[in-house]
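If you count by this note's numbering, then the sequence shown holds residues 68 to 238, one letter each, in order.
Take a look at the structure set out below.
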Amino acid sequence: MEIFKYILPAFIVMMTAYLLFDRMLSNEEKRRKFELTKKDRASFVPLQLRAYERLMLLLERSNPANMVLQVIRPGMSCMEFQSQLTDHIRKEFEHNYAQQLYVSDELWSAVKNTQDNLIKLINTTAIRFKADEPATQLAEQVIRIYAETEDNPTQIAIEILKTEVRNQFLR
């Protein structure tokens, strides 16, 4: 019984020290994780901003009026133009596939939808022309149809991109 007078206070002191030390270590671990997350975030933000910039450029360049100027050549036939234009779109989008790592799934889906709809527009418009007709006729039709589209996928994707950037960085 005499031994309990010494062991009980020592046990209480030891448990108190253990709990305080455990809490201190836990807080230190949380602080270190926060610091690492903060550093990771600081290095991630420039990559994310660059991805948004690249996707904005991609979407602006995917406007048929801009693409036609890059692709069309004198004496080009409708068939050649269709092929070159769809290849151009695919290459532009393939060049930017890695950007999906830095943006939301919603935005990437909108960007992908833009590509799919542009290719569909070109192919469905090209059906109306003979293969050897001048490319300028197909180009004019694609630009006209695109301009008349009220909810064109490019504008939708641009709006989603702008909203996402505002929500991420301008809160």
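Note that beta-carbon positions come from the ideal geometry of N, C-alpha and C, so glycine has one too.
Pair within 8 Å by beta-carbon distance, residue i and residue j
| i | j | result |
| --- | --- | --- |
| Asn130 | Thr191 | no |
| Val170 | Ala224 | no |
| Thr153 | Ile186 | yes |
| Gln149 | Leu237 | no |
| His162 | Met134 | no |
Classification of residue i by the beta-carbon crowding that lies within 10 angstroms, buried from 16 upward
| i | result |
| --- | --- |
| Asn94 | exposed |
| Tyr164 | exposed |
| Val112 | exposed |
| Gln137 | exposed |
| Ala118 | buried |
| Phe88 | exposed |
| Ala202 | buried |
Close beta carbons around residue i, own chain, < 8 Å, minus the five adjacent residues each side
| i | result |
| --- | --- |
| Leu174 | Leu122, Ala224, Ile227, Leu228 and Glu231 |
| Lys72 | none |
| Lys100 | none |
| Glu110 | The displayed chain sequence assigns Ser, not Glu, to residue 110. Answer for Ser110: no residue qualifies. |
Beta-carbon contacts of residue i that lie in its chain and below 6 Å, excluding the five residues immediately before and after
| i | result |
| --- | --- |
| Glu200 | Cys145 |
| Gln167 | Trp175 |
| Gln208 | Thr192 |
| Phe160 | Gln182 |
| Gln151 | Val138 |
| Ile210 | Pro131 and Ala132 |
Close-in-space but distant-in-sequence residues of the same chain around residue i (CB under 7 Å, 5 per side omitted)
| i | result |
| --- | --- |
| Thr181 | Leu126, Ser129, Pro220, Thr221 and Ala224 |
| Tyr213 | Pro131, Leu188 and Asn219 |
| Phe196 | Cys145, Gln204 and Leu205 |
| Met143 | Ala202 |
Span of the alpha helix (DSSP H), counted from its first residue to its last, around residue i
| i | result |
| --- | --- |
| Asn133 | Pro131 to Val138 |
| Asn234 | Pro220 to Phe236 |
| Ile212 | Ala202 to Glu215 |
Proximity test, residue i beta-carbon vs the ligand ZN heavy atom, cut-off 7 Å
| i | result |
| --- | --- |
| Ala193 | What this structure holds is no ligand at all, so the ligand ZN is not there to describe. |
Query raised in the report: Could you give the uninterrupted runs of the beta strand (DSSP E) lying entirely in the stretch 147-171, keeping only those of 3 residues or more?
Result: If we require 3 residues or more, the stretch 147-171 turns out to have no beta strand (DSSP E) run fully inside it.
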